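Participant:
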Amino acid sequence: TALWFSLFPSELFSLTFSTEDSSVPPVFVQKGKDVLLDVDNVTEGFNLFVWRLEKESLSLVAFGRDGTSQISPAYTGRIDIPDNKKYSVILKNLQETDSRVYSARETTDDGDSTLVQHNIIVQDVVSPVQLELNSVSSSSHSCNVTLTCSTADSHISSTFRCIDQKCDQDGGNQSEITNSSSTLQVYLSNVTVICKHRNQVSSTEDRTDIQHVCSQLTGRSERDSTKCEHTGWIL
Numbered sequence: 010t011a012l013w014f015s016l017f018p019s020e021l022f023s024l025t026f027s028t029e030d031s032s033v034p035p036v037f038v039q040k041g042k043d044v045l046l047d048v049d050n051v052t053e054g055f056n057l058f059v060w061r062l063e064k065e066s067l068s069l070v071a072f073g074r075d076g077t078s079q080i081s082p083a084y085t086g087r088i089d090i091p092d093n094k095k096y097s098v099i100l101k102n103l104q105e106t107d108s109r110v111y112s113a114r115e116t117t118d119d120g121d122s123t124l125v126q127h128n129i130i131v132q133d134v135v136s137p138v139q140l141e142l143n144s145v146s147s148s149s150h151s152c153n154v155t156l157t158c159s160t161a162d163s164h165i166s167s168t169f170r171c172i173d174q175k176c177d178q179d180g181g182n183q184s185e186i187t188n189s190s191s192t193l194q195v196y197l198s199n200v201t202v203i204c205k206h207r208n209q210v211s212s213t214e215d216r217t218d219i220q221h222v223c224s225q226l227t228g229r230s231e232r233d234s235t236k237c238e239h240t241g242w243i244l
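Now the structure itself:
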């Protein structure tokens, strides 16, 4: 088998593209999963076809015109070539360091060109969230509840006010970007407070019913009042 990686110098593919090129839409993949790097328009009779990392000289796999392939030692065990997708490859067990732009390049007698690019962004699943009660106060017609929506590296506190069965969130829906580039959000849906942590590949949430919290407080106040009156009767 010809050693294409050593026979063809990296200068042959010196054309580079920015990994932030808006013309290459991102494809989000969960960490540990596989991704198909697909290509359809390969020229018949090419001299060399290569999948490579854009802006770097490292190639993943090269194909000769006879259909034979050679996988780079750096990707041994991580590249599969599907039988029904000629020249497409499967990159396995993706990690955050695999977040790159992958280019399909071919060389013909007319020169070299880029056929397709895949902008792969690898994300881990988000960490769990917890919705905690900070404070609650209640009167006969209203109830104020402050809750904290928290995850491993971020938190949001928000206050909710209920008057005659109608609840609102101070300042409206609240969200922020965490240190891990995920989104933490706390918002009100009818009378339910939802704490959500999400990214492009996963989502987790915790929720609580405001009216349930308020009714518990109201019920406890009524029981305390009854207890005090009963004690007075004994005295």
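Read the sequence shown against our numbering and you will find it ends at 244, with the numbers running on by one and no gaps.
Ideal placement from N, C-alpha and C gives every residue a C-beta, glycine not left out.
It should be emphasised that the depicted structure is a prediction, and the values quoted were computed from it without experimental measurement.
What do you get for E65, buried or exposed, if any count of 16 or more other CB atoms within 10 angstroms of its CB means buried?
Facilitator: So E65 counts as exposed.
Participant: Hey, out of R74, L67, I99, T117, whose CA is closest to K42's CA?
Facilitator: Answer by Cα proximity: I99.
Participant: What do you reckon, are the CB atoms on P34 and N128 nearer than 8 Å?
Facilitator: Yes. Within cutoff.
Participant: Expressed to the nearest angstrom, what Euclidean distance is found between the alpha-carbon atoms of S148 and V195?
Facilitator: Approximately 25 Å, taken between the alpha carbons.
Participant: Run through the segment 145-196 for me and flag every whole beta strand (DSSP E) of 3 or more residues, listed as ranges in chain order.
Facilitator: The qualifying runs are 151-160, 163-172, 175-178, 183-186.
Participant: On the three-state DSSP scale, how would you describe V222?
Facilitator: Helix at V222.
Participant: Looking only at its own chain, which residues have a Cβ that is under 6 Å from the Cβ of D7, when we skip the five neighbours before and after it?
Facilitator: The structure shown does not extend to residue 7, since the chain is modelled only from 10 to 244, so the question has no answer here.
Participant: Are R61 and S112 close, meaning C-beta to C-beta below 8 Å?
Facilitator: Contact: yes.
Participant: Determine the extent of the beta strand (DSSP E) in which D121 is found, giving its start and end residues.
Facilitator: Note, D121: beta strand (DSSP E), 120-132.
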